[in-house]
Each structure stands twice: as structure tokens, then as C-alpha cells.
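Numbering (the working numbering), first residue to last: 92 to 325.
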Ligand code: 6PG
């Protein structure tokens, strides 16, 4: 497990973007949503402007909203990452949040299996970037629905615990089948859950994020700013 800690969220975004450019320029990558990726997308877009790249973009999860909704993870990437002129639109494989969730779960599984290498009978990402909620959720799997992460399907329908918003999310087995999994985490609000998961403290297994363990040969890395890593360094 690699743990990379940077002073600020801007330094974090810059260094994670450099890691992606250096290692994944012509590979496939699954993106998460939420607010943390925004700085990364902006930095990555500027760097990609200067480079020929054939990256294929997928998603870890998506809210069941239209692609033009401000809630859409795709829309955030569209606005801040895909505005780079060097993105081949044919290499963007979004989860269609406008579709019926139960249908899109099946559709996206087919998309993954048609466009990714199959390793151990499962689609295999080169890189998956995960966020982390302060409640230990990742992708769209929240602690109360941990069992869904273990689902035999490639993708699952999840429900946000407070808003009731439906989401389509990759299941644990797909994420764990990746060659590299990166947790991209910023801010003091995450410092406790980061410490509990990395150091296996207390009831850490209640957190879906603690069940992210790459299969043999895979790598897990944490990219953190000082605030999110604060308890680690004490
Ligand atoms: C989503 C994300 C989700 C996110 C965490 C962290 O669709 O919201 O995939 O898992 O990564 O909730 O969100 P922040 O980056 O906003 O803290």
C-alpha cells in the first residue's frame, strides 16, 4: 500500500495528475464523482491539452439523473476534464443516469465487458480512482448497504441514505479486479475515517471503503492532503 501525502489539496491534485499522465496516458480509468475530483480534473485537463492521449474514461458510479444535471458525475467531468481538446469523445463511456437504474446496471456491465480486458472472468480497469465519504462510503455504497458491495453483479443499484437518490455503482469485485486503485481524499473531515481504515482501528470493517482490497497483483494507493492525513502522522 502506497501512501502519498501532500501539503494542500492543490499539491495533491497536481501530483495525482502527474501520476496519471506518467502511467495511464493510453490506458483506461474509472472516475468517481463528488467534490474532491474537481481540482484534479482541472489540472489534468490542462496537462492533456499538450498531449496526444487515447485514455478511455469510465465511471465508478453515477447518480440516476440526466447527464445535464448538476448532480451528474459525468457532467462534472464533461465540464472540467473533457473540455480539453485532446479527448476523443468515442473514449468516454458514461453510466446513463437518465435510464432506469435496474436496466442501466445491465447495460453498463455489457459496456465494461465489451471495452475492457477480461481478467479472471471480470472486466479489468487499469486504474480506478475512488473518493471516500466521512461515513466510510466509497463509490455509491454506503455502510447501511454494505451487502450490495458484495453483490455478484458487476454493477448494482444503490440508494443514498438521506436523499433516497438512486445510483448505479460498480460492485466491490469489479473495483478489486483493477490493476491500481487510488483513494483520492482531501480535507480534515476525512481524517478519522482515513486513519481507521488504513490502521484498521475499531469497527473499521463497517466502512465499505475498508473492503477495497486489490486482487493479487493489483496495487492500492492513497493520495491525501495533510488535512486528510492528519491522524496518520500523529
Ligand atoms: C459520488 C462519489 C462518492 C464520493 C464521496 C466523496 O458519486 O458522490 O462517487 O463516492 O467520492 O462521496 O465525496 P467528496 O469528494 O464530495 O467528499
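All residues carry an ideal CB built from backbone N, CA and C; glycine is no exception.
Item: Assuming residue 246 and residue 196 are in contact, meaning their beta carbons sit under 8 Å apart, how far apart are those beta carbons, in whole angstroms?; Value: 4 Å
Item: For residue 298, which option in 136, 235 and 111 has the closest C-alpha, if you only look at C-alpha atoms?; Value: 235
Item: Consider the C-beta atom of residue 279 and the heavy atoms of the ligand 6PG; say whether any pair is separated by less than 7 Å.; Value: no
Item: Our contact map puts residue 242 next to residue 285 with C-beta atoms below 8 Å; I'd like the distance itself, whole angstroms only.; Value: Not quite, the Cβ-Cβ distance comes to about 26 Å (not below 8 Å), so this is no contact.
Item: Would residue 270 be called buried (16 or more neighbouring beta carbons within 10 Å of its own) or exposed?; Value: buried
Item: Out of 290, 135, 121 and 119, which has the shortest C-alpha to C-alpha gap to residue 173?; Value: 135
Item: Just list the residues that DSSP pairs residue 210 with in beta bridges.; Value: 213
Item: I need the DSSP call for residue 101, collapsed to helix, strand or coil.; Value: helix
Item: Any C-beta of chain C sitting closer than 8 Å to the C-beta of residue 188?; Value: Protein chain content of the structure displayed is limited to a single chain, and chain C is not contained in it.
Item: Please state whether the Cβ-Cβ distance between residue 232 and residue 260 is less than 8 Å.; Value: yes
Item: With hydrogens ignored, establish whether the beta-carbon of residue 204 is closer than 7 Å to any heavy atom of the ligand 6PG.; Value: no
Item: Quick check: the stretch 214-223 against the stretch 170-190, are at least 3 beta-carbon pairs closer than 8 Å?; Value: no
Item: Tell me residue 119's beta-bridge partners as DSSP assigns them.; Value: 147
Item: Under 7 Å from any heavy atom of the ligand 6PG, does the C-beta of residue 267 make it?; Value: no
Item: Can you tell me whether residue 286 sits near the ligand 6PG, meaning its C-beta is under 7 Å from at least one heavy atom of the ligand?; Value: no
Item: Contact between the stretch 138-147 and the stretch 105-122 is defined here as three or more beta-carbon pairs at a separation below 8 Å; is this criterion met?; Value: yes
Item: Under three-state DSSP, which class holds residue 319?; Value: coil
Item: Helix, strand or coil, according to DSSP, for residue 184 in the structure here?; Value: coil
Item: Residues in the same chain with beta-carbon distance under 8 Å from residue 160, minus the five sequence neighbours each way, listed in chain order, please.; Value: 154, 166 and 188
Item: For residue 156, which three-state DSSP category applies?; Value: coil
Item: Is the beta carbon of residue 122 less than 8 Å from the beta carbon of residue 104?; Value: no
Item: Would you tell me roughly how many angstroms separate the C-alpha atoms of residue 224 and residue 277, rounded to the nearest one?; Value: 10 Å
Item: Using DSSP bridges, identify the partner residues of residue 249.; Value: 258
Item: Looking at residue 128: is its Cβ nearer than 8 Å to the Cβ of residue 275?; Value: yes
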